[in-house]
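Written below as structure tokens is the structure these notes are about.
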Amino acid sequence: MTEPSTSQAAQQATAPPAASRVPASLRKRAARAAADPSAGAAALLRTDGLTKHFKIGGGLHRRTLHAVDDVSLSIGVGEIVALVGESGSGKSTTARLLARIYQPTAGEIFLQGRRLSAIRSRADLLAYRSDVPMVFQDPFSSINPVFRVSHGIERSLRLHRPELSRAERRAEAIRIFEVVGLAPGAEVLERFPHELSGGQRQRVGFAQALAMRPKLILADEPVSMLDVSIRIGLLNLMTGLRDAEDVSILYITHDIASARYVADRLVVMYAGQIAESGPVEDVLARPRHPYTQLLVSAVPDPRAELSVAADTDRGEPPRVIDPTPGCRFRWRCPLAIDACHQVTPPLRQLLPDHSAACHVATADAELRAF
Amino acid sequence: MSSALADDTGRAAVTGEPILQVTDITVEYATKQGNVRAVDHVSFDLGRGEFVGIVGESGCGKSTLLFAIAQLLAPPAGLAGGNVVFKGVSMVGLTDSQLASVRWKDMSVVMQSAMNALNPVTSIGAQFKDAMRAHGVRSKTEIADRSAHMLRMVGIDPTHLRSYPHQLSGGMRQRAMIAMALLFTPDLVIMDEPTSALDVVAQRSLMVQIKELQAQLGFSVIFVTHDMSLVRHFSDRLMVMYAGQVAELGVTSQVFGSPLHPYTRGLMDAFPSIKGERVPLTGIPGHPPDLARIPDGCLFAPRCPKVMTECETTRPPLYLVDGTQVRCLLYADGSTR
Amino acid sequence: MASTELSAGLGPTITPSAGQPHAQSGAPPSRAREAATKTGQAFLRLFRTLRSNRKASAGFILLAFVCVLAAVPGLIAHDPPRAEIYGRSLGPSASHLFGTTVYGQDIFAQFIWGARETLIIAVVSGLLSTALSVVMGVAAAYLGGVWDGGLNLVTDTLLVIPSFPLLLIIAAYLPNSGVVVLIAILVITGYSYGARQLRAQALSLRGRDYLEAARVRGERSVYIIAVEIIPTMTPLIVATFLGTAVYNVLFAAGLQFIGFGNPASVSWGTMLYWAQNNEALSIGQYLWALMPGLGIAILGASFALLNYAFDEIGNPALRPVRRHRVKRPR
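Chains as they are written, first to last, in our numbering: chain A, 1 to 370; chain B, 371 to 707; chain C, 708 to 1037.
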């Protein structure tokens, strides 16, 4: 049997330093908290009851699609939060709400304490856009094929850092390309998108986001369309950005394994609502919400043995059109009780920093605390 | 009927004559720069009831290989060499009408975007009926019975025969396609990434379903995917492809347990694990070669962590090491390094 | 355990082809130089396609022919086209290649000089019409909502109104209209078809991620439409132009034929007008009617043929696949 860790130790060339078992971000955060105890709780971005409904159907069958319902999450400075869920869970819609592509139906978003709905002027809006840019999923359609790849990053620089001269913009573009691993920067800048591989194009996407000196990057499934061996490179890029540039990242994905690899905290969404959230190791080791348990058991792991849970679940899509009150997971849940069919479970903190929206889990936690 | 699940000692479940013999298949595309070789001398046998996984990344030729086996190649792609013998009959060179009698009855294909292969304006039942009538089944009761039976086998309520594709979820549509592929209980089902559009839970459930069906009906499966972990617990043998060539081919548990080719090792190491230590991974640096301008020597050499000087000038042949075929000069003199 | 060599290695290696064009390293190109290189590359591609695609080559030759006539008519025809100084209704001869009109004008001279005005009408009205189609169509698609509804209302109304009756009414109120009015009419009645097409294509592009990326970057809508969307639609826009130009050539000729525009000017359309007025065919002056008709046909055909070249450039799937018989070793 091969030992995965020894073979990787041999290939340390491009891997992030594994010297310390404590991730750099945690060290930084600890240092920050030590320096200013009251700042520990301050979130970079916080949502409060964020909701987005879409009207579908026309005329006589007007219905409401509850894409995102009452989502309250927070992202700290210099941390990677993974937002995990299947298609239909609302994770992409949440990202688009944060990117201000959609306007929320209800709820509020706070960036460093300032509410987004208060943004009125174009200058304020531009400032927000430079603080919270987005990286898209499809490397083949997220860059305009007609222009060279320098186009996007130079526009970003022009719009958001107008103080730079033309030459400075150019130099900065080269520098950022090399930060994301596209070297030599000057040469790659002159290429057209079709001359780059999928992985390189995604790096261009990150470069465009970095050019704005963001506080939080919204990464919408940035590696799902890449080959497996290329994904690691980009995931390492993300952790590198967090450590070196102190950028927070909201990493949206359906792949729990990659979420575990990069993230500090994990937020699991189901049917437009948050099912569970907490530190990534905690949530994966001791998942409280039955949906999280289902996900964890269904993940194929080449190194582990086949576990037989989750065999009976068919993977039916969540019902988010005109949903009735009650837990939206109840039809698939092996633990559903009466309360689950009547009352929508609120997100409750079961352990310090670990919350779940489940009646059964809450009751269980209360029993234990008892 | 042979058992379809591979147990942990890696005993392959093959008994008797191989149902499919692929020998030296080579496929070339005609391009402005000359002929590009997308599949290069690939050979393997498939036994009855066996599940073979073909794994590789984009551009490795796995889908082209599938097309070659199913005789679906169209210009500018052309078969430049090799043979495919299915149930003793050479498939290459058969006319369309001869192939039609084999297709679907003995060999069926589930394509990648199978969900989009369903006609959106007719019901599922109507499409099943179409397929059956095209192959000579006339009796209405037989059509109805067989359709309902197949749907039940894949875990769909037969009332959905009246449903339209858009009324079913992604997972259900995929199952419906598999049911359609199994209508005539063929001996061989070829699947090209049938789970790529599904999420984890649906994926897992579909794989288990396929294995159950295999146990019940005894067909062989060729399963093409880019996701190694998906086939780890389900395939008897595993073939890893790189740049159109076979990099490694052997019993699944052996390939996973002790991967021989550096590419296989690199691929496996590129999967972050859910359990165990959170270790930093490196993936495989670089990218696959441009098939129009392949380098001399081993095609993987530019990216290989174990590259030696001779790798850049010598094209490695396939070596046999402990029952596994591997295309790597590390095994040239029989010693494992 | 001894390893066994299983296969004899690969076949012949494929010789490397010329490398892909890589960028110049070092100093960034100035904006002007960059634009020039891009245009240069575009023209190069165009020439290559024109040469390889036979229909396009034919179209190009025909267009070149008309352009030469339009550019240097004086070099080819030595007689003044409008002067009514020659013998009337003369047949073709050495001094009058196509004969003369009822008024004593040299038909050959008229034909050569008439190319210019016809070409100008075609190109100018084609350009303006296409520009209007682009604005109305793409803006409607991208802005959506009320804008889409409003712009479409205008476009669809103009599309539906029959043009000739409309023109007759306008003609009644503007008896001495010249080329400018002619072009204006052509543009206003002709843009709507192209606008619908371009709108449809822009709609299909609307969901592309790079547009969303531009929005998230903070770009304004006008910028997105002008810089991000329209350049990607170039093939269709060029095709729209060529199609509109063809249509306008014929339409303008028709208008002039019925007396619209300035009948005293020399163009192939006015030639037809006068030829028809004087029953050229019945009095035996066939060339008076045939030659301008032929000229119009040549111009129209050239645009239609050129369209094939742009189709091919825009849609790689239409490029000819050299069907290599892949040799199979027996």
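Don't be surprised by glycine CBs; every beta carbon is placed ideally from N, CA and C.
If you follow the beta strand (DSSP E) that residue i is in, where does it begin and where does it stop?
{"i": "R407/B", "result": "404-417"}
{"i": "E618/B", "result": "615-621"}
{"i": "Q422/B", "result": "Per the sequence shown, residue 422/B should be read as Val rather than Gln. Its beta strand (DSSP E) spans residues 421-425."}
Measuring CB to CB, does residue i end up less than 8 Å from residue j?
{"i": "V773/C", "j": "S1009/C", "result": "yes"}
{"i": "G693/B", "j": "R418/B", "result": "no"}
{"i": "S840/C", "j": "L912/C", "result": "no"}
{"i": "A219/A", "j": "I176/A", "result": "no"}
{"i": "A67/A", "j": "V267/A", "result": "no"}
{"i": "C430/B", "j": "M611/B", "result": "yes"}
{"i": "Y954/C", "j": "F964/C", "result": "no"}
{"i": "I828/C", "j": "I892/C", "result": "no"}
Could you spell out where the alpha helix (DSSP H) holding residue i opens and where it closes?
{"i": "Y128/A", "result": "122-131"}
{"i": "M843/C", "result": "814-850"}
{"i": "T344/A", "result": "Counting along the chain, T344/A falls outside any alpha helix (DSSP H), and DSSP gives it neither H nor E."}
{"i": "L469/B", "result": "466-472"}
{"i": "R328/A", "result": "Looking at the DSSP string, R328/A is not in any alpha helix (DSSP H), and its letter there is neither H nor E."}
Bridge partners of residue i, per DSSP?
{"i": "D48/A", "result": "E108/A"}
{"i": "I560/B", "result": "V479/B, I592/B"}
{"i": "V81/A", "result": "L250/A, R265/A"}
{"i": "T694/B", "result": "V691/B"}
{"i": "I274/A", "result": "M269/A"}
{"i": "G656/B", "result": "Answer is none; G656/B lacks a bridge partner."}
{"i": "Q349/A", "result": "S355/A"}
{"i": "I56/A", "result": "R63/A"}
{"i": "V455/B", "result": "Q391/B, S460/B"}
{"i": "E398/B", "result": "R407/B, G448/B"}
{"i": "P279/A", "result": "R265/A"}
{"i": "G807/C", "result": "A quick correction: the sequence has Thr, not Gly, at residue 807/C. Beta-bridge pairing links T807/C to D813/C."}
Just the Cα atoms here: how many angstroms apart are residue i and residue j?
{"i": "T362/A", "j": "A356/A", "result": "8 Å"}
{"i": "V570/B", "j": "E108/A", "result": "31 Å"}
{"i": "A613/B", "j": "L50/A", "result": "47 Å"}
{"i": "L797/C", "j": "N984/C", "result": "17 Å"}
{"i": "I494/B", "j": "M502/B", "result": "12 Å"}
{"i": "G968/C", "j": "R823/C", "result": "15 Å"}
{"i": "L126/A", "j": "V775/C", "result": "53 Å"}
{"i": "Q441/B", "j": "L435/B", "result": "10 Å"}
{"i": "G897/C", "j": "V830/C", "result": "13 Å"}
{"i": "P736/C", "j": "I944/C", "result": "Because P736/C sits at a pLDDT of 49, beneath the cut-off of 50, its placement in the model cannot be relied upon, and the following sentence gives the value as read from the coordinates. Answer to the nearest angstrom: the Cα atoms are 28 Å apart."}
{"i": "V677/B", "j": "S628/B", "result": "19 Å"}
{"i": "V223/A", "j": "L568/B", "result": "16 Å"}
{"i": "T947/C", "j": "V845/C", "result": "13 Å"}
{"i": "L367/B", "j": "Y689/B", "result": "There is no way to answer for residue 367/B, as the model of chain B reaches only from 371 to 707."}
{"i": "G384/A", "j": "H603/B", "result": "Past the edges of chain A, shown from 1 to 370, lies residue 384/A, and the structure says nothing about it."}
{"i": "Q11/A", "j": "T634/B", "result": "The predicted position of Q11/A is uncertain, since its pLDDT is 39 and thus under 50; a value taken from the coordinates is nonetheless stated next. Approximately 15 Å, taken between the alpha carbons."}
{"i": "A546/B", "j": "S197/A", "result": "35 Å"}
{"i": "H194/A", "j": "T239/A", "result": "27 Å"}
{"i": "S836/C", "j": "L866/C", "result": "13 Å"}
{"i": "A183/A", "j": "T679/B", "result": "26 Å"}
{"i": "V149/A", "j": "M561/B", "result": "37 Å"}
{"i": "R711/B", "j": "G233/A", "result": "Residue 711/B lies beyond the range of chain B shown here (371 to 707); nothing can be said about it."}
{"i": "L804/C", "j": "I814/C", "result": "8 Å"}
If the cut is a Cβ gap below 8 Å, which residues of chain E does residue i touch?
{"i": "D855/C", "result": "Given the protein chain composition of this structure (A, B and C), no chain E is represented."}
Does the region 399-407 of chain B come into contact with the region 655-663 of chain B, if we say contact requires no fewer than three beta-carbon pairs (one atom in each stretch) closer than 8 Å?
Counting C-beta pairs closer than 8 Å gives three or more between the region 399-407 of chain B and the region 655-663 of chain B, which meets the contact rule.
When the Cβ atoms of the region 255-270 of chain A are set against those of the region 169-183 of chain A, are three or more pairs found closer than 8 Å?
Counting C-beta pairs closer than 8 Å gives fewer than three between the region 255-270 of chain A and the region 169-183 of chain A, which falls short of the contact rule.
Hey, is the region 663-682 of chain B in contact with the region 586-594 of chain B, meaning 3+ C-beta pairs nearer than 8 Å?
Counting C-beta pairs closer than 8 Å gives fewer than three between the region 663-682 of chain B and the region 586-594 of chain B, which falls short of the contact rule.
Quick one: any contact between the region 442-462 of chain B and the region 636-646 of chain B, if contact means 3 or more CB pairs under 8 Å?
No: the two stretches stay apart, fewer than three of their Cβ pairs being nearer than 8 Å.
State whether the region 342-360 of chain A contacts the region 90-107 of chain A, with contact taken as three or more CB pairs (one from each stretch) at a distance under 8 Å.
The region 342-360 of chain A vs the region 90-107 of chain A: no contact.
Does the count of Cβ pairs from the region 813-828 of chain C and the region 776-789 of chain C closer than 8 Å reach three?
For the pair of segments examined, the region 813-828 of chain C was found to touch the region 776-789 of chain C: the number of CB pairs separated by less than 8 Å reaches three.
Count the C-beta pairs between the region 330-348 of chain A and the region 273-290 of chain A that are closer than 8 Å, then say yes if the count reaches three, no if not.
Under the 8 Å Cβ criterion, the region 330-348 of chain A counts as touching the region 273-290 of chain A, having at least three qualifying pairs.
Can you find at least 3 beta carbon pairs, one from the region 886-897 of chain C and one from the region 869-878 of chain C, that sit closer than 8 Å?
Segments in contact, yes.
If we count Cβ pairs, one from each stretch, closer than 8 Å, do we get three or more for the region 916-935 of chain C versus the region 998-1012 of chain C?
Because the criterion of three Cβ pairs below 8 Å is not met, the region 916-935 of chain C and the region 998-1012 of chain C do not touch.
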